[in-house]
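Chemist:
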Amino acid sequence: MKTEDQVVVKDVRESFKEILEQFKHIKDELTSEEDDQFDEIAAKYMEQPIAETLLQFSEALKALMQRRRKTLPEQATDLYDNEDANISDVRR
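Per the UniProt record's numbering, residue 1 is the first one in the sequence shown, and the count goes up by one each step.
This is the structure:
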């Protein structure tokens, strides 16, 4: 029974590693900012309780989303500025 529990924990940790890798990839697509939070979490997830890793992961996701929300309005403004420039070029 104990061996079965160990296998389940290992499978959970391996699954969690895959999830971390996927989020690191998504983060790289969402932002060009240097941010090592996900790398640090992935590097030490095997050494700490899963609950602690999940808490760190949750905090890293929240921080990423906050940064993303701050940059979205700027990007939208840039997009509208570019559209206005193109429209005025067409009118000339």
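Think of the CB as a built atom: it goes at the ideal place given N, C-alpha and C, for glycine as much as any other residue.
Which whole-angstrom value is the C-beta distance of Lys27 and Phe38, which I expect to be below 8 Å?
Modeler: Rounded, the Cβ-Cβ distance is 6 Å, consistent with contact.
Chemist: Give the DSSP-derived three-state secondary structure of Ser15 in the structure shown.
Modeler: In the structure shown, Ser15 sits in a helix (DSSP, three-state: H, G or I).
Chemist: From the DSSP output, in three-state form, read off Asp28 for me.
Modeler: DSSP places Asp28 in helix when its eight states are reduced to three.
Chemist: Taking only the alpha-carbon atoms, compute the straight-line gap between Met46 and Gln22 and give it to the nearest angstrom.
Modeler: Answer to the nearest angstrom: the Cα atoms are 17 Å apart.
Chemist: Which of the three DSSP states, helix, strand or coil, is assigned to Gln56?
Modeler: Gln56: helix per DSSP, three-state reduction.
Chemist: Quick one: measure Cβ to Cβ for Leu64 and Ile41, integer angstroms, because I've assumed they're closer than 8 Å.
Modeler: Leu64 to Ile41, Cβ: 12 Å. No contact.
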